[in-house]
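Encoded as structure tokens, the structure appears first; notes follow it.
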Amino acid sequence: MPVVAALVGITGLSVGSFLNVVIYRVPRALSVARPPSACPGCGIRIRGRDNIPVLSWLALGRRCRECRMLIAARYPIVEMLTGIAFVLITVYFAPEIATTHGPATFGAVLQLAAFLVLAAAGIALSAIDFELRRLPNRILAFTGGVGALLLVPATLLAGRPEHVVSAVLGAAGSFAFYLVLALASPRGMGMGDVKLAGVLGLYLGALGWAQLAVGVMAAFAVGAVAGAIVLIARRSRADRRVPFGPWMFAGAWIGIVGGEAIANGYLAAVGLI
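Residues 127 to 399 (the numbering used here) make up the sequence shown, in order.
Following this line, the structure appears as structure tokens:
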């Protein structure tokens with residue numbers, strides 16, 4: 127497992143480096159493939175030795191080698207977060223892969239791949255939402271499409287066809303719920319949040335009803351706490367707008383990791399089980 131974790135972590139760092147390209151280019155309607163990465167200050171193409179996740183940023187003293195323009199800390203932070211997230215998610219889903227056999231093992235691998243994609247998309251979308259208050263359709267569509275392609279066969283191979291139903295209903299129900307909220311309060315909820323709700327409903331529903339319910343409700347709890355902190359910390363009204371996308375992802379991961387335990391604890395507390 128340590129070797130696997132190390133390899134997954136290195137992969138996550140590399141994916142994080144690519145996510146920095148996505149975060150900058152996708153909201154600006156630029157290609158993520160061409161041209162190669164370059165310094166936004168001087169336009170010089172970034173050399174391979176200066177493009178090593180985290181280490182290059184530290185070695186260069188946080189500045190471009192050519193023009194000495196300061197490189198934002200967001201770049202190594204995204205890389206490190208992605209590496210850590212990949213390791214934690216692999217460790218969480220690995221037991222199911224190790225304890226299954228035949229087609230179910232392949233299904234568990236597909237499930238892991240789907241949630242690694244969700245983690246990467248979550249980091250990119252959260253960074254964009256914090257900076258620009260936007261959730262680009264290109265990333266949302268990619269995440270939802272990949273989720274459907276991986277999670278449907280994953281649940282069928284695992285012998286849980288009922289989770290296909292909960293995934294579809296979770297996506298549709300979450301989308302509809304957020305759409306009602308957006309129509310009722312357009313200044314507080316954007317259509318990007320509505321689309322993201324559908325994507326997260328798909329992933330949560332693929333794990334089960336408990337994960338879906340807890341994941342949806344946890345987003346509002348986390349968002350309320352974050353909103354309260356922002357209201358206290360910021361004095362300017364212009365600075366008090368809180369993007370909801372990052373808290374939707376936070377709530378979703380609470381549902382993914384602890385949804386079943388939280389739901390069972392609640393039901394036991396009210397005497398329903």
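C-beta: ideal position from N, C-alpha, C; glycine also.
G334 vs S292 beta-carbon contact at 8 Å: As a first step, residue 334 is located in the sequence shown; it is residue number 208 there, counting from the start. As a first step, residue 292 is located in the sequence shown; it is residue number 166 there, counting from the start. Yes, these two residues count as a Cβ contact at 8 Å.
Would A211 be called buried (16 or more neighbouring beta carbons within 10 Å of its own) or exposed? Taking the sequence shown and counting its residues from 1, the one referred to as residue 211 is at position 85. By the 10 Å Cβ count, A211 comes out buried.
Nearest-angstrom Cα separation, counted from V325 out to A131: The sequence position of residue 131 within the sequence shown is 5, counting from 1. The sequence position of residue 325 within the sequence shown is 199, counting from 1. A131 and V325: Cα-Cα distance of roughly 27 Å.
Let's test the definition: count the other Cβ atoms within 10 Å of the Cβ of H289 and tell me whether it reaches 16, buried, or not, exposed. By one-based count along the sequence shown, residue 289 stands at place 163. That one is buried.
Going by DSSP, which residues form a beta bridge with L196? Along the sequence shown, one-based indexing puts residue 196 at 70. Paired residues: R189.
According to DSSP, what are the bridge partners of A164? Here residue 164 refers to the residue found at position 38 when the sequence shown is read from its first residue. Note: A164 sits in a beta bridge opposite R171.
Can we say the region 246-260 touches the region 275-285, given the rule of at least three CB pairs closer than 8 Å? no
Whose C-alpha, out of L328, I203, G314, is nearest the C-alpha of A378? In the sequence shown, the residue the question calls residue 378 occupies position 252. Nearest C-alpha to A378: L328.
Terminal residues of the alpha helix (DSSP H) in which A255 lies: Locating residue 255 in the sequence shown gives position 129, where the first residue counts as 1. The question names Ala, but residue 255 in the sequence shown is Asp. It spans 229-258 - the alpha helix (DSSP H) in which D255 sits, taken as one unbroken run.
CA-CA distance, S140 and G209? Stepping through the sequence shown from its first residue, residue 140 is reached at position 14. Stepping through the sequence shown from its first residue, residue 209 is reached at position 83. Roughly 8 Å separates the two Cα atoms.
Taking buried to mean at least 16 other C-beta atoms within 10 Å of its own C-beta, is M127 buried or exposed? In the sequence shown, counting from the first residue as 1, residue 127 sits at position 1. Burial call: exposed.
Endpoints, the alpha helix (DSSP H) within which P279 is located: Indexing the sequence shown from 1 puts residue 279 at position 153. For P279, the enclosing alpha helix (DSSP H) stretches over residues 263-283.
Could you compute how far the alpha carbon of L276 sits from the alpha carbon of Q237? Start at 1 with the first residue of the sequence shown, and residue 276 comes out as number 150. Start at 1 with the first residue of the sequence shown, and residue 237 comes out as number 111. Approximately 7 Å, taken between the alpha carbons.
Where does P221 sit, in a helix, a strand or coil, going by DSSP? Reading the sequence shown from its first residue, position 95 is the one you call residue 221. P221: helix per DSSP, three-state reduction.
P162 to A247 span [Cα, whole Å]: Within the sequence shown, residue 162 is the residue found at index 36, counting from 1. Within the sequence shown, residue 247 is the residue found at index 121, counting from 1. Those two C-alpha atoms are separated by around 21 Å.
Take the Cβ of N390 as the centre, count every other Cβ of all protein chains shown within 10 Å, and call the residue buried at 16 or more, exposed below. Mapped onto the sequence shown, residue 390 falls at position 264. Flag for N390 reads exposed.
I need the DSSP call for L333, collapsed to helix, strand or coil. As a first step, residue 333 is located in the sequence shown; it is residue number 207 there, counting from the start. L333 falls in the helix class under three-state DSSP.
Distance between A336 and G397 (C-alpha atoms, nearest Å): Translated into the one-based positions of the sequence shown, residue 397 becomes position 271. Translated into the one-based positions of the sequence shown, residue 336 becomes position 210. Cα to Cα, G397 sits roughly 17 Å from A336.
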